[in-house]
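Engineer: In the working numbering, the protein residues as written are 12 to 426.
We put the CB at the ideal spot given by N, CA and C, even for glycine.
After the C-alpha cells below, expect a handful of questions from me.
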Ligand SMILES: [Zn+2]
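See below:
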C-alpha cells in the first residue's frame, strides 16, 4: 500500500508497501558499544558517566574498524526499514588529535559503509571546538573530535565533491557548549542555502543551566535569537523546553529529532510531544547510540513515554487522524526530505510481510497501528532504495560478509 492523503491503501503487489523511514540521528561507532555500558560505575550514573565510557571506546577506532562497524549498523537499519541515515560524525582524527594523512579518512569510511550496504547517507561532519560553555579547550579524550573553523569548512568543501542522490553532505554543530558563537556564525555563513544543519540542543538539564549562566538564555531560546533557524535545521534532543521554546521551534519550521530509546537509556528526560504537536511542530526519530536499531521501537516509545507521564492513552493524534500509528509515521515522513537534505528519500519503499499473523484480517484503517504496536517480530520483508532491492525476505543481500568483517573489527576493538 502507498501513502495517500486519505489514508493507506493496498497496492496491486503481493505485500504491504510503506515509504522508507529516515533515521535522523546516528553515531555509527556507538553500535560497537551497545550493551556494554549497563553496569553501574557510580551510584549516580548519568549521561555524564556514560560519556566517559563512550570516550574510552571512541579512542580505539581507526578508519577500517569504523567502516566495518558502520556497515553492520547500516545493514541492520535497512533490515529494520530505515532507508536513509543522518550520520552525526565527530570521530574525525587519530586518537592523539592529529589529522589523518587524508583529513577526510573517517568520513570516507562512513561513506564507504553506506555505499557497501545501499543505504542513503546524509553525512553531517560535526564542528566540535570547546569542552564547555566557558570556552575551555577540549579534554584529552575529545581531541580527535576537534577542528578550527578553517579546517572544518575545508572538510565540508572536500566532501561536497562526492555528493549524489545517495550521499548528501550537511553540517552539524555538536552543541552550543562545544561551539562558540563566533565560530557558529562563521561556519553558517559558508553553507549552501539548502544544506541541512543539525545540532544537539537541550539534552541535559546541566547544559541548560550552564547556557543560562554563560549566555543568558536557555539553549533553544538562545539559538532562535542568534541564528536564522528554518526548515533546514534539525534540533536533536530538544528534550528540555519551555512552552515558548516549543512554539518557537514550531514557528521556525525546524525539525526536532527525538531518540526515545537512547534518551530513555541515558536517563535524559521526556520530549513534550503533545505540546509540540499542538504547536504544529515537525519531528522525526533517530537511533542515536544504537542501543536499538528499529524505527518501530522508537515510534512506540515516543508514544509510550507520553502515556507513562500523563496516565492517558493515545496521545499522538491529530485533528485529521485519530490513529496513533498514522500520526507517528506521517510525522517522520513529513520531515524526511528537509532533515536529510535529500529530495529522493520519498521514493524508497519497504514491503511488509503480508502473511505475518499480526496482519491477519488487515484493513487500510488499522495497518499502520498493527505494524507499530503489535508484537516484536520484524515485519519488514523487502527494502528498495533508489530502485535497488537491498533486503529480500528480511535479509540484506550481503548479511554474512558484512557480519564477518564486523566480528573481526570487534575483536580488535575489544582486545
Ligand atoms: Zn547524538
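(1) With a CB to CB cut of under 8 angstroms and the five nearest residues on each side skipped, what residues in its chain are close to residue 348?
(2) Buried or exposed: residue 251, going by 16 or more other Cβ atoms within 10 Å of its Cβ?
(3) For residue 34, which beta-bridge partners are listed by DSSP?
(4) Can you round the beta-carbon distance between residue 27 and residue 338 to whole angstroms, since I take them to be within the 8 angstroms contact cut?
(5) So does residue 279 have its beta carbon nearer than 6 angstroms to some heavy atom of ligand 1?
(6) Rounded to whole angstroms, what's the CA-CA distance from residue 225 to residue 210? Just pull it up for me.
(7) Using CA atoms only, rank isn't needed, just tell me which of 258, 188 and 53 is closest to residue 429.
(8) Have a look at the DSSP bridge pairing and note the partners of residue 182.
(9) Threshold first: 4 residues or longer. Then list the alpha helix (DSSP H) segments lying entirely within the segment 25-92, N to C.
(10) What separation, rounded to the nearest whole angstrom, lies between the Cα atoms of residue 334 and residue 237?
(11) Pull up the distance between the alpha-carbon of residue 409 and that of residue 298, whole angstroms please.
(12) How would the residue list near ligand 1 read, in chain order, if you kept each one whose beta-carbon is closer than 6 angstroms to any heavy atom?
(13) Going by alpha carbons, who is nearest to residue 270 out of 306, 54 and 240?
(14) Hey, out of 108, 194 and 125, whose CA is closest to residue 396's CA?
(15) Starting from residue 230, trace the alpha helix (DSSP H) both ways and give me its first and last residue.
(16) With a Cβ-Cβ cutoff of 7 angstroms, do residue 352 and residue 207 count as a contact?
(17) Looking at the strands, I want to know which residues DSSP matches up with residue 273.
(18) Measure the CB-CB distance between residue 178 and residue 407 and report whether it falls below 7 angstroms.
(19) Going by alpha carbons, who is nearest to residue 193 out of 65, 146 and 366?
(20) Grab me the residues of residue 48's own chain with a C-beta within less than 8 angstroms of its C-beta, minus the 5 sequence neighbours each way, in chain order.
(21) Select from 164, 138, 148 and 220 the residue whose C-alpha is nearest the C-alpha of residue 186.
(22) Return the residue from the list 254, 239 and 204 that minimises the CA-CA distance to residue 263.
(23) Where in the segment 249-311 do unbroken runs of the beta strand (DSSP E), each at least 3 residues long, occur, reported from the N-terminal end onward?
(24) Quick one: grab the DSSP three-state call for residue 109.
(25) Would you mind sorting residue 51 into buried or exposed? The rule is 16 or more other CB atoms within 10 Å of its CB.
(26) May I ask you to verify whether the segment 71-80 touches the segment 411-426, counting CB pairs closer than 8 angstroms and requiring at least 3?
(27) Pop quiz: residue 266 and residue 245 are said to be a contact at Cβ under 8 angstroms. What is the actual Cβ separation, rounded to whole angstroms?
(28) Tell me where the beta strand (DSSP E) around residue 399 begins and ends.
(29) My output table needs one value for residue 373: the three-state DSSP class, helix, strand or coil.
(30) Since residue 133 is in the beta strand (DSSP E), which residue starts that stretch and which ends it?
(31) Quick one: grab the DSSP three-state call for residue 240.
(32) Using a Cβ-Cβ cut-off of 8 angstroms (strictly less than) and excluding sequence neighbours within five positions of residue 281, which residues of its own chain qualify?
(33) Relative to the C-alpha of residue 180, which candidate in 284, 387 and 97 has its C-alpha closest?
(34) So, for residue 101: in the same chain, excluding its five sequence neighbours on each side, which residues have a beta-carbon less than 7 angstroms away from its beta-carbon?
Structural biologist: Here's the rundown:
(1) For the purposes of this step, residue 348 is identified with residue 337 of the chain shown, where counting begins at 1. Here the set comprises 354, 356 and 357.
(2) Working through the chain shown from its first residue, we reach residue 251 at position 240. Buried, by the Cβ-count rule.
(3) Here residue 34 refers to the residue found at position 23 when the chain shown is read from its first residue. Bridge partners of residue 34: 96.
(4) Here the question's residue 27 lines up with position 16 in the chain shown. Here the question's residue 338 lines up with position 327 in the chain shown. No, residue 27 and residue 338 are not in contact; Cβ-Cβ is about 19 angstroms, not under 8 angstroms.
(5) Residue mapping note: residue 279 aligns to position 268 of the chain shown, counting from 1. Checking the Cβ of residue 279 against ligand 1 gives no.
(6) Position 214 of the chain shown holds residue 225. Position 199 of the chain shown holds residue 210. The alpha-carbon atoms of residue 225 and residue 210 are separated by roughly 19 angstroms.
(7) Lying outside 12 to 426, the shown extent of the chain, residue 429 is not represented and no answer is given.
(8) The sequence position of residue 182 within the chain shown is 171, counting from 1. BP columns for residue 182 point to 208.
(9) 58-69 and 74-91
(10) Here residue 334 corresponds to residue number 323 of the chain shown, with the count starting at 1. Here residue 237 corresponds to residue number 226 of the chain shown, with the count starting at 1. Between residue 334 and residue 237, the C-alpha separation is close to 38 angstroms.
(11) Translated into the one-based positions of the chain shown, residue 409 becomes position 398. Translated into the one-based positions of the chain shown, residue 298 becomes position 287. Those two C-alpha atoms are separated by around 22 angstroms.
(12) 36, 38, 99, 211, 247 and 299
(13) On the chain shown, residue 270 is found 259 positions in, with the first residue counted as 1. It is 306.
(14) To locate residue 396, count along the chain shown from 1; it is residue 385. Out of 108, 194 and 125, 125 has the C-alpha closest to the C-alpha of residue 396.
(15) For this step, residue 230 is matched to residue 219 along the chain shown. It spans 230-237 - the alpha helix (DSSP H) in which residue 230 sits, taken as one unbroken run.
(16) Working through the chain shown from its first residue, we reach residue 352 at position 341. Working through the chain shown from its first residue, we reach residue 207 at position 196. Result yes, Cβ atoms of residue 352 and residue 207 sit closer than 7 angstroms.
(17) By 1-based counting over the chain shown, the position of residue 273 is 262. Per DSSP, none; premise fails for residue 273.
(18) Residue mapping note: residue 178 aligns to position 167 of the chain shown, counting from 1. Residue mapping note: residue 407 aligns to position 396 of the chain shown, counting from 1. Taking 7 angstroms as the Cβ cut-off, residue 178 and residue 407 do not qualify as a contacting pair.
(19) For the purposes of this step, residue 193 is taken as residue 182 along the chain shown, with counting starting at 1. When only C-alpha atoms are compared, the closest one is 146.
(20) For the purposes of this step, residue 48 is taken as the residue at position 37 of the chain shown. Once the five neighbours on either side are set aside, the close Cβ partners of residue 48 are 61, 64 and 65.
(21) As a position in the chain shown, residue 186 is number 175, starting the count at 1. For the residues 164, 138, 148 and 220, the minimum Cα distance to residue 186 belongs to 138.
(22) Here residue 263 is taken as the residue at index 252 of the chain shown, counted from 1. Comparing Cα-Cα distances from residue 263 to each of 254, 239 and 204, the minimum goes to 239.
(23) 266-269 and 293-296
(24) On the chain shown, residue 109 is found 98 positions in, with the first residue counted as 1. DSSP places residue 109 in coil when its eight states are reduced to three.
(25) In the chain shown, the residue the question calls residue 51 occupies position 40. So residue 51 ends up on the exposed side.
(26) yes
(27) Counting from 1 along the chain shown, the entry for residue 266 is found at position 255. Counting from 1 along the chain shown, the entry for residue 245 is found at position 234. Sure, about 5 angstroms apart at Cβ, within 8 angstroms.
(28) Counted from its first residue, the chain shown places residue 399 at position 388. Element bounds for residue 399: 399-403.
(29) Your numbering for residue 373 matches position 362 in the chain shown. Coil, per DSSP.
(30) Counted from its first residue, the chain shown places residue 133 at position 122. Note, residue 133: beta strand (DSSP E), 131-138.
(31) Within the chain shown, residue 240 is the residue found at index 229, counting from 1. Three-state result, residue 240: coil.
(32) For this step, residue 281 is matched to residue 270 along the chain shown. Taken in chain order, the residues that qualify are 250, 274, 316, 317 and 320.
(33) For this step, residue 180 is matched to residue 169 along the chain shown. Selected option, being the one with the closest Cα: 97.
(34) Here residue 101 refers to the residue found at position 90 of the chain shown. So the qualifying residues of the chain are 137, 139, 156 and 185.
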